[in-house]
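A quick write-up on the structure given underneath.
In my numbering, the protein residues as written are 1 to 91.
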């Protein structure tokens with residue numbers, strides 16, 4: 001499944017969070033703090049695995065993407081990444 005993972009960190013150096021994110025599946029950063037993640041976990045499972053790396057001031061949103069959502073606003077590289085997992089985005 002494909003997810004949009006957005007995080008607001010208080011410190012740019014956050015190796016534990018990013019290492020945990022990469023362990024969950026293939027990921028690309030589409031802009032600062034916003035990642036596309038292909039993972040076998042559910043949104044709740046992803047959140048549980050990442051939340052322990054954040055302080056109380058930091059924020060995390062994980063949402064599953066479905067066909068037809070947000071692709072028109074993405075770069076060609078990000079659109080191709082999405083197209084591998086959602087039909088109809090790559091021609």
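Glycine is no exception: its CB is placed at the ideal position from the N, C-alpha and C atoms. All of these numbers come straight from a predicted model, not from anything done at the bench.
| query | Can the beta-carbon of residue 37 be found less than 8 Å from the beta-carbon of residue 24? | reply | Indexing the chain shown from 1 puts residue 37 at position 37. Indexing the chain shown from 1 puts residue 24 at position 24. The answer is yes: Cβ separation under 8 Å.
| said: Alpha carbons only, please: which of 7, 30, 43 is nearest the one belonging to residue 64? | reply: Working through the chain shown from its first residue, we reach residue 64 at position 64. It is 43 whose Cα lies nearest to the Cα of residue 64.
| task | Report all residues from its chain with a CB closer than 8 Å to the CB of residue 51; omit the five preceding and five following residues, and keep chain order. | result | Along the chain shown, read from residue 1 onward, the residue named residue 51 stands at position 51. The residues are 60.
| message | For the beta strand (DSSP E) containing residue 16, name the first residue and the last one. | response | Along the chain shown, one-based indexing puts residue 16 at 16. Taken as a continuous stretch (DSSP letters only), residue 16 belongs to no beta strand (DSSP E), being part of the alpha helix (DSSP H) at 15-23.
| task | State the Cα-Cα distance for the pair residue 4 and residue 29, rounded to the nearest angstrom. | result | Position 4 of the chain shown, counted from the start, is the residue given in the question as residue 4. Position 29 of the chain shown, counted from the start, is the residue given in the question as residue 29. So the alpha carbons of these two residues sit roughly 10 Å apart.
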